[in-house]
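Numbering (this note's numbering), first residue to last: 429 to 565.
For each residue, glycine too, the CB sits at the ideal point set by N, CA and C.
Reading through the structure tokens given below for one structure.
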């Protein structure tokens, strides 16, 4: 095993760990499908005032499908070493970065959770880029 191959394996493993974390986080979207008001988790509907929606159903579906299911599919693809996974990881990382920046633009100064997911999005993007450039093994 050459050092580059070992390095790529470590990179892929780190990316899988982050994707599993994001996938589990995305399951949080189920709460918004059960309680579209956001009240059960202490999120006020007033956060939606600047948006063309009046409940958290669509954001909940987005969290569940894109982050919950999408991250799990990409992690599975990485485990199977499928060639499309680095591009999917780049896309997912970009979407997560955009999602968090959109929240900051809409709602003002970020909170710790937003910083956390912004970092996760950046790291997913960078690890996917490394795998894309080095080739998946």
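Per DSSP, reduced to three states, the secondary structure at residue 509 is coil, with no helix or strand assignment. Taken in chain order, the whole alpha helix (DSSP H) runs of length 4 or more contained in the stretch 481 to 558 are 485 to 490, 499 to 507 and 513 to 535. If you draw a 10 Å sphere on the C-beta of residue 545, you find 16 or more other C-beta atoms in it, and that means buried. Residue 559 sits close to residue 436, with the two beta carbons spaced by under 8 angstroms.
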